[in-house]
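>
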Amino acid sequence: GALCELKLFALDVQRCGNQAIAYEFERDKSQMDKMRMKKQIEKTNEEIIQLQKLLAKNRIIRQRKEEYEALAKIVNDKPTQADTLLAIDAVSADTVSIDTKLATIESFLRTKSTHYDLLL
C-alpha cells in the first residue's frame, strides 16, 4: 500500500524532475537559437548595406558608360580632323579661284568703263 504509493510518488517526482531538465534544455536551446538568428540577421543586414553600396556604385558606372556612349556617338557622327582640313583646303582653293575671277571681272569692267568714257 503505502510503500507502493511512495514508489509511485517517487516516480512522479522523478518524472517531474526529468521534465524540468527537458524544459531547461529546450529553454537553453531556444535562447541559443535566438542568439544565432540575431547574429544571422545582423550579418544579413550588413550584407544588404554592402549590396546597396555596390548597387549605387554600379548605377553610377552604368550612367557614366551611357553618357560616354552618347558622347562617342556624337563625336563619331562628326567628320574627322583630316576630312575637316580637306574641306577647309577645298574652300580656300575656291576662295582663291573666286578672288581671281573677281579680279578678272573688275579688270574687264574697268576696261569697259574706260572704253565707255572714251566714247562719250
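Each residue of the sequence shown is one higher than the one before, counting from -15 in our numbering.
Beta carbons: idealized from backbone N, C-alpha and C, even for Gly.
State the Cα-Cα distance for the pair Arg94 and Thr88, rounded to the nearest angstrom.
10 Å
> Kindly indicate which three-state DSSP category Gly1 falls into: helix, strand or coil?
Correct three-state label for Gly1: helix.
> Assuming Leu70 is part of the alpha helix (DSSP H), what are its boundary residues?
65 to 103
> If you run the structure through DSSP and keep just helix, strand and coil, what is Lys62?
In the three-state DSSP reduction, Lys62 falls in the coil class, being neither helix nor strand.
> Taking the straight line between their C-alpha atoms, what separation do you get for Ser91 and Thr84?
11 Å
> Between the alpha carbons of Arg20 and Thr28, how many angstroms are there, rounded?
12 Å
> Could you compute how far the alpha carbon of Lys57 sits from the alpha carbon of Gln65?
If you take the alpha carbons of Lys57 and Gln65, they lie about 16 Å apart.
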